[in-house]
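Numbering (this note's numbering), first residue to last: 8 to 226.
Every residue, glycine too, gets a C-beta built ideally from N, C-alpha and C.
Keep in mind it's a predicted model, so treat the numbers as computed, not measured.
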């Protein structure tokens, strides 16, 4: 937050960050989302000018300031955000693989595809992805059990979530990029579902919390 152009800070010296609930009629929407994917949920820009906001419409995302004691509200925001993003993004990767499999099976039936080689690559890729997803979910579950049992997730458990999140997203990238060149024209048709999934995946996975350099920031 800023006041008269100057940043505000918490008592511990960290920047003061507040979340606000604004009504539709209070903001001016700017249609700035021009990305190739995620068009249905486009993150357009908006501005608000000189709007008084009551106390019941702003809050802190810090777990230390949570007023509800349920474990969910004590879960660290960074790992909660990463987990939510990775579940969605890895689901996109799974959908891409399913669509790619169907596409190749159709080619094989019409004798325009090489069955053994490409299906072997697909099956290996699927197995690797499912193993990584299971490891990710297991890591999240362990951190959740730790939070419920001890009231806090250890730094080691939280780092494991971040590591697992970034590793899974990277594997998803590699899996999709490995298969994409073998898709033929169908995967580059803007109106096809597989192309839409491809565009959505590569757009969503650009989130700052999931980019490769995020690993160093977390460490």
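Quiz item: When you compare only the Cα positions, how much space is there between residue 164 and residue 85?
Solution: Walking along the chain shown from the start, residue 164 turns up at place 157. Walking along the chain shown from the start, residue 85 turns up at place 78. Taking C-alpha positions only, residue 164 is separated from residue 85 by approximately 13 Å.
Quiz item: What are the boundary residues of the alpha helix (DSSP H) that residue 233 is part of?
Solution: The question about residue 233 has no answer, for the chain in this structure spans 8 to 226.
Self-check item: Neighbour-count burial assignment, residue 224, 16 or more Cβ in a 10 Å radius
Solution: The residue labelled residue 224 in the question sits at position 217 within the chain shown. With a pLDDT of 48 at residue 224, under the threshold of 50, the modelled position of this residue cannot be trusted; read the value that follows with caution. Label assigned to residue 224: exposed.
Quiz prompt | Distance between residue 18 and residue 132 (C-alpha atoms, nearest Å) | solution = Taking the chain shown and counting its residues from 1, the one referred to as residue 132 is at position 125. Taking the chain shown and counting its residues from 1, the one referred to as residue 18 is at position 11. A direct Cα-to-Cα measurement between residue 132 and residue 18 gives close to 49 Å.
Quiz prompt | Reduced DSSP secondary structure (H/G/I, E/B, other) of residue 32 | solution = What you label residue 32 is simply residue 25 of the chain shown in a count that begins at 1. In the structure shown, residue 32 sits in a helix (DSSP, three-state: H, G or I).
Quiz item: Among the residues of its own chain, which have a CB less than 8 Å from the CB of residue 70, if the five just before and after it don't count?
Solution: Along the chain shown, read from residue 1 onward, the residue named residue 70 stands at position 63. Excluding residues within five positions, the ones whose Cβ falls inside 8 Å are 80, 81, 82, 83 and 84.
Practice problem: Within its chain, find whatever has a CB closer than 6 Å to the CB of residue 199; leave out the 5 residues flanking it on each side and keep chain order. | Solution: Within the chain shown, the letter at position 192 stands for residue 199. Once the five neighbours on either side are set aside, the close Cβ partners of residue 199 are 193.
Quiz item: On the premise that residue 103 lies in contact with residue 208, defined as a C-beta separation below 8 Å, what is that separation, rounded to the nearest angstrom?
Solution: As a first step, residue 208 must be located in the chain shown, where it is residue number 201. As a first step, residue 103 must be located in the chain shown, where it is residue number 96. Between residue 103 and residue 208 the Cβ distance is about 6 Å, and since that is below 8 Å, they are a contact.
Quiz item: How is residue 42 classed by DSSP in three states: helix, strand or coil?
Solution: Looking up residue 42 in the chain shown gives position 35. Judged by DSSP in its simplified three-state form, residue 42 adopts coil rather than helix or strand.
Self-check item: For residue 14: DSSP bridge partner residues
Solution: For the purposes of this step, residue 14 is identified with residue 7 of the chain shown, where counting begins at 1. Note: residue 14 sits in a beta bridge opposite 9.
Quiz prompt | Length of the line joining the Cα atoms of residue 226 and residue 112 | solution = Translated into positions along the chain shown, residue 226 becomes position 219. Translated into positions along the chain shown, residue 112 becomes position 105. Bear in mind that the predicted position of residue 226 carries a pLDDT of just 44, short of 50, making it unreliable; the figure below should be weighed with that in mind. So the alpha carbons of these two residues sit roughly 44 Å apart.
Exercise. Ignore the nearest five residues each way along the sequence and tell me which others in residue 25's own chain have a CB closer than 8 Å to its CB.
Key: Along the chain shown, read from residue 1 onward, the residue named residue 25 stands at position 18. Excluding positions up to five away in sequence, the list reads 8, 65, 66 and 67.
Quiz item: Taking Cβ positions, are residue 178 and residue 217 nearer each other than 8 Å?
Solution: Numbered from 1 along the chain shown, position 171 holds the residue referred to as residue 178. Numbered from 1 along the chain shown, position 210 holds the residue referred to as residue 217. No.
Quiz item: In this structure, what does DSSP give as the bridge partners for residue 52?
Solution: Working through the chain shown from its first residue, we reach residue 52 at position 45. Residue 52 is bridged to 37.
Exercise. Would you identify the three-state DSSP class for residue 88, choosing helix, strand or coil?
Key: Locating residue 88 in the chain shown gives position 81, where the first residue counts as 1. DSSP places residue 88 in helix when its eight states are reduced to three.
Quiz item: Helix, strand or coil: which one does DSSP assign to residue 224?
Solution: For the purposes of this step, residue 224 is identified with residue 217 of the chain shown, where counting begins at 1. Interpretation of residue 224 is limited by its pLDDT of 48, a score under 50 that renders its predicted location unreliable; no figure is taken from the coordinates.
Exercise. Could you pull the start and end residues of the alpha helix (DSSP H) that residue 71 belongs to?
Key: Mapped onto the chain shown, residue 71 falls at position 64. First-last for residue 71: undefined, no H or E at that position.
Practice problem: Look up residue 80 in the DSSP assignment and say whether it is helix, strand or coil. | Solution: Along the chain shown, one-based indexing puts residue 80 at 73. Here residue 80 sits in helix by DSSP.
Exercise. Spatial neighbours of residue 15 within its chain, please: CB distance less than 6 Å, with the 5 preceding and 5 following residues excluded, ordered by chain position.
Key: Here residue 15 corresponds to residue number 8 of the chain shown, with the count starting at 1. Here the set comprises 8 and 23.
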